[in-house]
Amino acid sequence: MRIIQKKHEQCLQWATALPLAIYKRLEVIKKEARHIIPILADEDEYEVKDISRHYIMKLNSHYCECGLWQISGLPCKHVVVCVNTWRKDLNDYVHPYLKKEAYLRTYSFMIHPISNESTWPEVEVDNEVQPPVKKKDFLEGLSLLEEWRQMSKEGM
Ligand SMILES: [Zn+2]
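Okay, so the sequence shown: first residue is 2 according to my numbering, each after it adds one.
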């Protein structure tokens with residue numbers, strides 16, 4: 002109960018729309034993207050020239066041939082360059098699960114406090130509930146029963 006409340010309060014204090022760890026990771030990706038050259042094929046589709054090879058990237062489909070964007074939900078360096086070319090907001094290309102709203106939704110629920118056990122009402126139970134019989138115990142019981150029957154037939 003305290004952990005959920007603490008996480009919710011921490012989340013409310015975030016200055017950015019992203020958690021700090023995600024924000025820092027995105028800053029590192031931005032630095033890595035400096036040497037990349039985007040070649041515009043369409044308003045949505047790019048050929049992105051990296052050091053060793055070219056990648057195909059589709060902004061609106063949230064697809065980059067390197068695969069990092071699809072796996073992590075964070076834009077890869079190829080996406081960062083293309084988004085910056087259009088001066089769009091990079092946060093729009095981060096997966097919603099990694100954003101502040103998702104964290105707030107996660108910790109928005111509360112666990113209601115429960116009063117002390119001594120204040121609980123007495124409840125009478127008619128049926129005593131037994132633990133389930135395990136198959137192994139049941140079979141052992143059957144073999145013991147069979148032995149007992151055999152012994153009683155033989156007159157022991
Ligand atoms: Zn990529």
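Virtual Cβ for every residue (Gly too), placed ideally from N, Cα, C.
Cutoff 6 Å; reference residue i; Cβ partners in own chain excluding five residues on either side
| i | result |
| --- | --- |
| A42 | E48 |
Rounded distance between the beta-carbons of residue j and residue i, thought under 8 Å
| i | j | result |
| --- | --- | --- |
| I30 | C77 | 7 Å |
| L27 | L75 | 6 Å |
Beta-carbon gap between residue i and residue j smaller than 7 Å
| i | j | result |
| --- | --- | --- |
| A18 | N92 | yes |
| Y56 | H79 | yes |
| I72 | D51 | no |
| L60 | D45 | yes |
| V81 | A34 | yes |
| Y108 | K25 | no |
| M2 | I115 | no |
DSSP beta-bridge partners of residue i
| i | result |
| --- | --- |
| P39 | V49 |
| C65 | M58 |
Contacting residues, own chain, Cβ-Cβ under 8 Å from residue i (five flanking each side not counted)
| i | result |
| --- | --- |
| L21 | W15 |
Alpha helix (DSSP H) segment containing residue i, residue limits
| i | result |
| --- | --- |
| W149 | K136 to K154 |
Close Cβ partners of residue i (< 7 Å) along its chain, the five nearest in sequence each way excluded
| i | result |
| --- | --- |
| W12 | With the sequence shown as reference, residue 12 is identified as Cys, and Trp is not the correct amino acid for it. K101, Y104, L105 and Y108, listed in sequence order. |
| S53 | none |
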